[in-house]
């Protein structure tokens, strides 16, 4: 059997707490926000690297975005990934889920396919969590989403994952190739390996593909390929609260809170008020 | 531009909802969607249809009608007994291509997300995911979804002009479920199901669903952050005294001090209790969105600069381990007096 081919989809996102809306233009001001690899994607990479440790094979990082993503993604090389494929073209900009998943699928096909495609549960900026199953549909392969553990059975050519569902879990098997999305925080992403660090800056380990390289249908790409449009953008209201400071000893505060809770919660019994 | 499988000109003026069920019970998020969609449908004079898939679940059709549906499209088949994205997507796609609704809404649950993501690509349509509000314009029939990004700090209105169905997903707890009215009448249409084993790639080896926690329905919540460490027993005691439940911010969940389904916020559940008592949480934005719908927020934190105090009605700068036990004692005293 040829080497196990694994792809990890990763995204570089602005740190959520540093993004603001420019009140004048109503546009997102990302310029003053620092970037990072979308944290859930590090959990996805970790599972791929664990499978590589166990079975060998090759781990490729796949990302769609501007050239500035590259140095962030190289961190993945220093943790054990083999190669980076960056899909970068102005024509990819403004993509919603449909266009994003199409473009990523084209990238995977251009790479010659993969046995396993890993994704993080969701991105911290978009947070739609819809890429994994949309991608699986374009590739016409199976999926296991929200896994907290995953393994493969090479002899039977299946992936087996523990899928976290509300109030429990499922153990699910799908034939390879398959898309696997990883439940956030289900593993401890490893640190950079300093022995790998020098190689992480090798020129030859990053491949950048444009729309021409992908032979993608232009109508499916970027903003024109996206059914959804943003009609309005605003800073979220913070919600006006009273912000009343309660002071005193813990006992005095507790007394005051107990009275408040008695009015608010029907299940707290009435007390006979002492005068 | 990519065209969806059917056009605006072909659409049926109807709102469809994915009625998700687990072990013969409708998901709370489906009931919440029914209530919201009922309002939208009444405003524009459209029909509200529930798509119900499963095995031996026909009696749920009447329940969905009681909660607001005009019509149920019912697909029953042994291969729909447990959710697999292969089977559910196949059947949902056939149903939608048969009736061509203008709008299709789903709840954000593990299965709802799986289905939504695949179905939107199969139908070549847009997907407005994780909406915090929905608006439907009567003249144009355009659905706008309010979506928050960047941990809730930014709000966008997102819509699609030329693609159908207009798909959107909503998290549990965002909308309020209505009251069931079992005198409501509605049609139940049985959909012929063409499924074979060969069409299903997913094999469920084991499935364990235990007692499920539903914080969206809790009238009161006691929420622990990093500052309470693993002392959730103390919070449980307080919650029991006020007839509520306990939740957590992300750090205690990641530490394994409490179950993940009790995580509140953007990547957890969105709650709307009468009162939320937030203990030892700093007040990160992605957490705060989960309690924005609370009538009253009480915050206890030893750091006077903690952002949580900007999102609270009553602010207590103090030691959680002193204030909470004192509060438990005060509420106990109340009990004793009232039972005397």
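Chains as they are written, first to last, in the working numbering: chain A, 1 to 275; chain B, 1 to 340.
Ideal Cβ placement from N, Cα and C applies to all residues, glycine included.
Contact set for residue i: own chain, Cβ-Cβ below 6 Å, skip 5 residues either direction
i	result
residue 59 of chain B	none
residue 79 of chain A	190, 192
residue 182 of chain B	66
residue 70 of chain B	47, 48, 186
residue 225 of chain B	249, 280, 281
residue 61 of chain A	8, 10, 73, 76, 81, 84
residue 190 of chain B	74
residue 141 of chain A	177, 178
Close beta carbons around residue i, own chain, < 8 Å, minus the five adjacent residues each side
i	result
residue 221 of chain B	215, 239, 244, 245, 246, 247, 264, 271, 273, 275, 276, 277, 291, 294
residue 10 of chain B	100, 164
residue 350 of chain A	Chain A is shown only over 1 to 275; residue 350 of chain A falls outside these bounds and no answer can be derived.
residue 271 of chain A	Any reading at residue 271 of chain A must be qualified, since the residue scores a pLDDT of 47, below 50, and its modelled position is unreliable; the value itself is stated next. For residue 271 of chain A, where only same-chain residues beyond five positions count, the Cβ hits under 8 Å are 262.
Test item: CB-CB of residue i and residue j under 8 Å
i	j	result
residue 120 of chain B	residue 145 of chain A	no
residue 223 of chain A	residue 211 of chain A	no
residue 147 of chain A	residue 174 of chain A	no
residue 250 of chain A	residue 121 of chain A	no
residue 117 of chain B	residue 227 of chain A	no
residue 117 of chain A	residue 9 of chain A	yes
residue 167 of chain A	residue 213 of chain B	yes
residue 235 of chain B	residue 261 of chain A	no
residue 307 of chain B	residue 317 of chain B	no
residue 136 of chain B	residue 168 of chain B	no
residue 89 of chain B	residue 115 of chain B	yes
residue 158 of chain B	residue 128 of chain B	yes
residue 343 of chain B	residue 188 of chain B	No answer is possible for residue 343 of chain B: it lies beyond the span of chain B, which begins at 1 and ends at 340.
residue 26 of chain B	residue 87 of chain B	no
residue 80 of chain B	residue 50 of chain B	no
residue 103 of chain B	residue 166 of chain B	yes
residue 5 of chain A	residue 115 of chain A	yes
Spatial neighbours of residue i in its chain, beta-carbon cut-off 7 Å, leaving aside the 5 residues before and after
i	result
residue 189 of chain A	42, 43, 45, 46
residue 46 of chain B	13, 14, 15
residue 340 of chain B	Only weak support is given to the placement of residue 340 of chain B: the predicted model assigns it a pLDDT of 42, under 50, and the question is left unresolved by the model.
residue 2 of chain B	124
residue 260 of chain B	253
residue 77 of chain B	55, 193, 195
residue 83 of chain B	111
residue 28 of chain B	172, 177, 214, 216, 217
residue 139 of chain B	none
residue 85 of chain B	114, 115, 118, 202
Buried versus exposed call for residue i [16 or more other C-beta atoms within 10 Å across all chains shown]
i	result
residue 193 of chain A	exposed
residue 148 of chain B	buried
residue 414 of chain B	For residue 414 of chain B there is no data in the structure shown, the boundaries of chain B being 1 and 340.
residue 217 of chain A	exposed
residue 232 of chain B	buried
residue 315 of chain B	buried
residue 68 of chain A	exposed
residue 312 of chain B	buried
residue 205 of chain B	exposed
residue 172 of chain B	buried
residue 242 of chain A	exposed
residue 275 of chain A	Caution applies to residue 275 of chain A, whose pLDDT of 32 falls short of 50 and renders its modelled position unreliable; the value that the coordinates give is listed next. Flag for residue 275 of chain A reads exposed.
Listed by chain order, chain B residues near residue i by CB distance under 9 Å
i	result
residue 98 of chain A	2, 120, 121, 124, 125, 126, 127, 163
Partners in chain A for residue i, counting only beta-carbon separations shorter than 8 Å
i	result
residue 322 of chain B	250
residue 274 of chain B	264, 265
residue 160 of chain B	227, 228, 229
residue 113 of chain B	129, 130, 133, 145
residue 110 of chain B	145, 146, 163, 164, 165, 166
residue 318 of chain B	250, 253
Within chain A, partners of residue i - CB distance below 9 Å
i	result
residue 157 of chain B	230, 231, 232, 233, 234
residue 212 of chain B	166, 167, 168
residue 205 of chain B	160, 170, 171, 172, 173
residue 133 of chain B	Near residue 133 of chain B there are no residues of chain A at all, since even the closest Cβ is about 12 Å away, more than 9 Å.
Partner residues on chain A for residue i, Cβ-Cβ distance less than 7 Å
i	result
residue 202 of chain B	142, 172, 174
residue 182 of chain B	Within chain A, no residue comes near residue 182 of chain B; the closest Cβ sits about 25 Å away, beyond 7 Å.
C-beta neighbour in chain C for residue i, strict 8 Å
i	result
residue 281 of chain B	Structure shown: chain C not included; protein chains present are A and B.
Residues that residue i contacts on chain B, provided the C-beta gap is smaller than 7 Å
i	result
residue 224 of chain A	1
residue 190 of chain A	None at all; the shortest Cβ gap to chain B is about 17 Å.
residue 255 of chain A	330
residue 46 of chain A	None at all; the shortest Cβ gap to chain B is about 15 Å.
Partners in chain B for residue i, counting only beta-carbon separations shorter than 8 Å
i	result
residue 212 of chain A	The contacting residues do not exist; residue 212 of chain A stays about 19 Å from chain B at best.
Next on the checklist: Please give me, in chain order, every unbroken run of the beta strand (DSSP E) with length at least 3 that falls completely inside the segment 178-231 of chain A.
Outcome noted: 178-182, 206-209
Next on the checklist: Which complete beta strand (DSSP E) runs does the segment 250-321 of chain B hold, if anything under 3 residues is left out?
Outcome noted: 275-279, 296-301, 314-317
Item to check | Those runs of the beta strand (DSSP E) which lie wholly inside the segment 50-91 of chain B and span at least 3 residues | outcome: 71-76
Checklist entry - Which full runs of the beta strand (DSSP E) of 3+ residues lie inside the segment 168-228 of chain B, going along the chain? => result Within the segment 168-228 of chain B, the complete beta strand (DSSP E) runs of at least 3 residues are 187-190, 203-209, 220-224.
Item to check | beta strand (DSSP E) runs contained entirely in the segment 78-126 of chain A, provided each spans 3 or more residues | outcome: 83-87, 116-120
Next on the checklist: If we require 3 or more residues per run, which beta strand (DSSP E) segments fall completely within the segment 138-163 of chain B?
Outcome noted: 143-149, 154-160
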